[in-house]
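Below: one structure, written as structure tokens.
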Amino acid sequence: MSNSILTDVATRTSGEVYIGVVGSVRSGKSTFIRRFMETKVLPLVTDKYVYDKIQDELPQSSDGKTIMTVEPKFIPSTTVKITIEDNVNFQIRLVDCVGHVIPSAKGYLNEDGTSRLVQTPWFSEAIPFEDAAKIGTDKVIESHSNIGIVMSSDGSFGEFTRPEYEKVEEIVIEELKAHNKPFVLVINTTKPNHPETLELVKNLEDKYQVSVVALDVLKMTEDDMDHLLKVAMDEFDISQLNLEVPSWVNNLDDDLDYKSKFNDLVSQTTGNFRKMKDAFHIQESLKDSELFASVNITNIDPATGIVNIEIECSDECYNEVVGEILGEKITDKTSFINKIQDFRKAQHVFELVGGSIEKVEQLGYDIAFPKASDIALEKPELLKDGARYGIKIKANAPMIQLVKINVSSTFEPIIGSKEQAEELINHMVENYENEPDKLWNSEIFGRKLCDVINDGIRAKVNAIPDNVLEKYKNSIEKVVNHGRGGVIAIVL
Ligand SMILES: Nc1nc2c(ncn2[C@@H]2O[C@H](COP(=O)(O)OP(=O)(O)OP(=O)(O)O)[C@@H](O)[C@H]2O)c(=O)[nH]1
Ligand SMILES: [Mg+2]
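Numbered according to the numbering used here, the sequence shown spans residues 6 to 497.
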């Protein structure tokens, strides 16, 4: 007997395999639990006393229209520790719930037509049968199980029709969906492999968007149970989705087009699909994108909920991303080398002042500190201080000062008549308010306004004589080396 699926279930549920069996009355819930315990659990129980106790506690099932299980039952009543291969230890318990009522069933009403009162572990007084079904289902799914089995039937055995089971099934599925716990709908049938049944299963999967398994519960084999557990495991949420992408993708800045498309696709896909059974949907959704060359699932581990997906990207994608980073499409090796060399020069400047740029933007001023390699050490000298001697070690460091200044430029063309000037100014003001870019790129006397203004600014800056800049530099040097905060008047 293979216990690998049970091992997975035990690992995923942290050693507490609690299965709540809910659904309509007379659908085969007790039969399911009895068979499951006899086939899957009891053979693992080595203690004779415990074995006999569990056997005594197995639920009863009965034929006919009369409801058999009238109060919820935990089987076994006390948790039982089971050890299977690889020293996997777990506790297992199934809960047999009071079924939701099919109106034509018998046993939920007293002779006078009032609701039969039943005992539950949750209230000291007995409560009406229908309440016990509803409250019991909620309590069992919420607090006493980590896997739910909803039992229903196609009406192929017993006294009730498929429409009668279906009405109840709709209510129970709705209730379970509200709990956000993994569950599977089991259609109990005498003909699980009949095309009609397979068709019903497919329709129900579409209708409820949950996993549906057709089983002949009375005759179900260990393989059937393993399959059911496997389907249930697929209903668990993915605990960790590892997308193994090339490391260059991981290192891309989020504002790059490729990375932002990548991030959007991943969050959209993982938002839509979050269960283990969705792993292949995730793969398909990622495969459909042009961002990747191949998308392969390398591992799905039901025991831990970890899914690994390996993604490869094409060289074309890589080249496009490199082009986006460099600011132009790279078509050949020469242009790539030229661009990279430009960047090397820019890198040098960035190393000198890059760290200061942000502060200059904010405060208008900063000093870029030199690299250690740029600090020049002078030859150590002997120092005489009265009768005593010391040494002097001097170093010079080139410091770059960055100052942000506002340079204004004015353009004052003469247009002609008052009307002509007014017409132009109205047009420009409208652009200024609504489409500043349009104004900036508009032409006056055959030249773009932005060029005219830029030329004005450049002319002002170029007009500063070199000797003034030299004096400015010398003055700042004095302030830094000797000034210690003292005020220095600069006379130009
Ligand atoms: N032929 C056939 N009969 C089944 C199957 N499953 C259950 N039955 C019969 O259906 C009847 C009801 O089964 P139970 O297990 O008592 O159903 P239940 O859901 O526990 O019913 P309540 O406790 O009354 O709500 C019993 O006679 C079972 O033998 C099945 O797969 N095939
Ligand atoms: Mg029962």
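Backbone N, C-alpha and C fix where the C-beta goes; we use that ideal spot for every residue, glycine too.
* DSSP on N472, reduced to helix/strand/coil? -> Sequence index remark: in the sequence shown, residue 472 carries index 467 (1-based). N472 falls in the helix class under three-state DSSP.
* To do: Please classify I107: is it buried, with 16 or more other beta-carbons within 10 angstroms of its beta-carbon, or exposed?
  => Stepping through the sequence shown from its first residue, residue 107 is reached at position 102. By the neighbour-count rule (16 or more Cβ atoms within 10 Å), I107 is buried.
* Would you check if the distance between the CB atom of Y263 and the CB atom of E329 is smaller than 8 Å? => For this step, residue 263 is matched to residue 258 along the sequence shown. For this step, residue 329 is matched to residue 324 along the sequence shown. For Y263 and E329, yes; Cβs fall inside 8 Å.
* Could you tell me if the beta carbon of S35 falls within a distance shorter than 7 Å of some heavy atom in ligand 2? => As a first step, residue 35 must be located in the sequence shown, where it is residue number 30. Yes - ligand 2 has a heavy atom lying nearer than 7 Å to the Cβ of S35.
* Could you tell me whether any non-hydrogen atom of ligand 2 is closer than 7 Å to the CB of T202? => Indexing the sequence shown from 1 puts residue 202 at position 197. Not under cutoff, so the answer is no.
* Asked: Touch check for the stretch 246-259 and the stretch 304-318: three-plus C-beta pairs under 8 Å?
  -> With a cut-off of 8 Å, the stretch 304-318 and the stretch 246-259 count as touching, because enough Cβ pairs lie within range.
* To do: Go to E180, then tell me how far its alpha helix (DSSP H) extends in each direction, as first and last residue.
  => Translated into the one-based positions of the sequence shown, residue 180 becomes position 175. Run containing E180: R167 to K182, per the alpha helix (DSSP H) assignment.
* **Local Cβ density within 10 Å of T4, reported as buried at 16 or more and exposed below that** => Summary: the structure shown does not reach residue 4, with the chain confined to residues 6 through 497, and so no result is reported for it.
* With distances taken Cα to Cα, identify the nearest neighbour of K409 among T303, T16, Y370 and G360. => The residue labelled residue 409 in the question sits at position 404 within the sequence shown. Measuring from the Cα of K409, the nearest candidate turns out to be Y370.
* **Where T84 falls, given that 16 or more other Cβ within 10 Å makes a residue buried** => Numbered from 1 along the sequence shown, position 79 holds the residue referred to as residue 84. Exposed: under 16 other Cβ atoms inside 10 Å.
* To do: Could you give the DSSP three-state label for S9: helix, strand or coil?
  => In the sequence shown, residue 9 corresponds to position 4, counting from 1. S9: helix per DSSP, three-state reduction.
* Smallest Cα separation from E169: which of S109, F285, I311 and L11? -> Counting from one through the sequence shown, the residue named residue 169 turns up at place 164. Answer by Cα proximity: S109.
* **N324 beta carbon less than 8 Å from that of I335** => For the purposes of this step, residue 335 is taken as the residue at position 330 of the sequence shown. For the purposes of this step, residue 324 is taken as the residue at position 319 of the sequence shown. Their beta carbons are under 8 Å apart, which means I335 touches N324 by this criterion.
* Asked: For T166, which option in L388, P418, R31 and K443 has the closest C-alpha, if you only look at C-alpha atoms?
  -> Indexing the sequence shown from 1 puts residue 166 at position 161. Of the listed residues, the one whose Cα sits closest to T166 is R31.
* Note down, in chain order, each residue of its chain lying with its Cβ closer than 8 Å to the Cβ of M6, except the 5 sequence neighbours on either side. => As a working note, residue 6 is residue 1 in the sequence shown. With a pLDDT of only 47 at M6, under 50, the local geometry of the prediction cannot be trusted, and no value is derived from it.
* Asked: Under 7 Å from any heavy atom of ligand 4, does the C-beta of T275 make it?
  -> The ligand content of the structure shown is limited to ligand 1 and ligand 2, which means ligand 4 is not among them.
* Measure the alpha-carbon distance for I154 versus A131 and round it to whole angstroms. => On the sequence shown, position 149 is the one that residue 154 refers to. On the sequence shown, position 126 is the one that residue 131 refers to. C-alpha separation (whole angstroms): 26 Å.
* Jot down the residue ranges of each uninterrupted beta strand (DSSP E) in the stretch 361-444, minimum 3 residues, whole runs only, in chain order. => 370-373, 386-390, 393-397 and 405-408
* Hey, quick one: how far does the beta strand (DSSP E) through R31 stretch, first residue to last? -> Locating residue 31 in the sequence shown gives position 26, counting from the first residue. Per DSSP, R31 lies in no beta strand (DSSP E) and is assigned neither H nor E.
* Asked: What is the C-beta distance between G25 and V100, in whole angstroms, given that I count them as a contact (C-beta under 8 Å)?
  -> In the sequence shown, residue 25 corresponds to position 20, counting from 1. In the sequence shown, residue 100 corresponds to position 95, counting from 1. Correct: roughly 5 Å between the Cβ atoms.
* For S158, which residues does DSSP report across the bridge? -> Translated into positions along the sequence shown, residue 158 becomes position 153. Looking at the DSSP assignment, S158 forms a beta bridge with N193.
* To do: Note the first and the last residue of the continuous alpha helix (DSSP H) segment covering L270.
  => In the sequence shown, counting from the first residue as 1, residue 270 sits at position 265. Looking at the DSSP string, the run of the alpha helix (DSSP H) that includes L270 is D262 to N277.
* To do: Answer yes or no: the CB of T74 versus the heavy atoms of ligand 2, is any distance below 7 Å?
  => On the sequence shown, residue 74 is found 69 positions in, with the first residue counted as 1. Result yes, Cβ under 7 Å from ligand 2.
* Local conformation of F37 per DSSP, three classes -> Looking up residue 37 in the sequence shown gives position 32. In the structure shown, F37 sits in a helix (DSSP, three-state: H, G or I).
* Excluding the 5 residues preceding and the 5 following V300 in the sequence, name in chain order all residues of the same chain whose CB lies nearer than 6 Å to its CB. => Your numbering for residue 300 matches position 295 in the sequence shown. Exclusion of the five residues before and after V300 leaves Q288, L291, K292 and I316 as the residues of its chain whose Cβ lies within less than 6 Å of its Cβ.
* Asked: Which residues share a DSSP beta bridge with S120?
  -> Here the question's residue 120 lines up with position 115 in the sequence shown. DSSP, once it has assigned bridges, lists L114 as partnering S120.
* Under 8 Å by Cβ, that's how I've got G104 and K34 pegged, so tell me the actual separation to the nearest angstrom. => Counting from 1 along the sequence shown, the entry for residue 104 is found at position 99. Counting from 1 along the sequence shown, the entry for residue 34 is found at position 29. Right, the Cβ-Cβ distance comes to about 6 Å (below 8 Å), so this counts as a contact.
* Simplified DSSP assignment, three categories, for T44 -> Locating residue 44 in the sequence shown gives position 39, counting from the first residue. It is helical.
* Between the CA atoms of V217 and K196 - distance to the nearest angstrom -> Translated into positions along the sequence shown, residue 196 becomes position 191. Translated into positions along the sequence shown, residue 217 becomes position 212. Straight-line Cα distance between these residues: approximately 15 Å.
* How about P64: is its Cβ closer than 7 Å to a heavy atom in ligand 2? -> Here residue 64 refers to the residue found at position 59 when the sequence shown is read from its first residue. True, at least one ligand heavy atom lies under 7 Å from that Cβ.
* **Beta-carbon gap between I87 and R98 smaller than 8 Å** => Taking the sequence shown and counting its residues from 1, one reaches residue 87 at position 82. Taking the sequence shown and counting its residues from 1, one reaches residue 98 at position 93. Cβ distance not < 8 Å, so I87 and R98 don't count as in contact.
* With 16 other CB atoms within 10 Å as the buried threshold, where does E363 fall? -> Locating residue 363 in the sequence shown gives position 358, where the first residue counts as 1. With fewer than 16 Cβ atoms within 10 Å of its Cβ, E363 is classed as exposed.
* Would you say A5 and T12 are within 8 Å of each other, going by their C-beta atoms? -> Look at the range of the chain in this structure, 6 to 497, and you will see that residue 5 is not part of it.
* Euclidean distance between Cα positions of V55 and S150 -> The residue labelled residue 55 in the question sits at position 50 within the sequence shown. The residue labelled residue 150 in the question sits at position 145 within the sequence shown. Whole-angstrom Cα-Cα distance: 22 Å.
* **Which listed residue (S148, E448, L114 and S272) has its alpha carbon closest to that of D136** => In the sequence shown, counting from the first residue as 1, residue 136 sits at position 131. For D136, the nearest C-alpha among the options comes from L114.
* **Bridge partners - P133, DSSP secondary structure assignment** => Your numbering for residue 133 matches position 128 in the sequence shown. Answer is L122.
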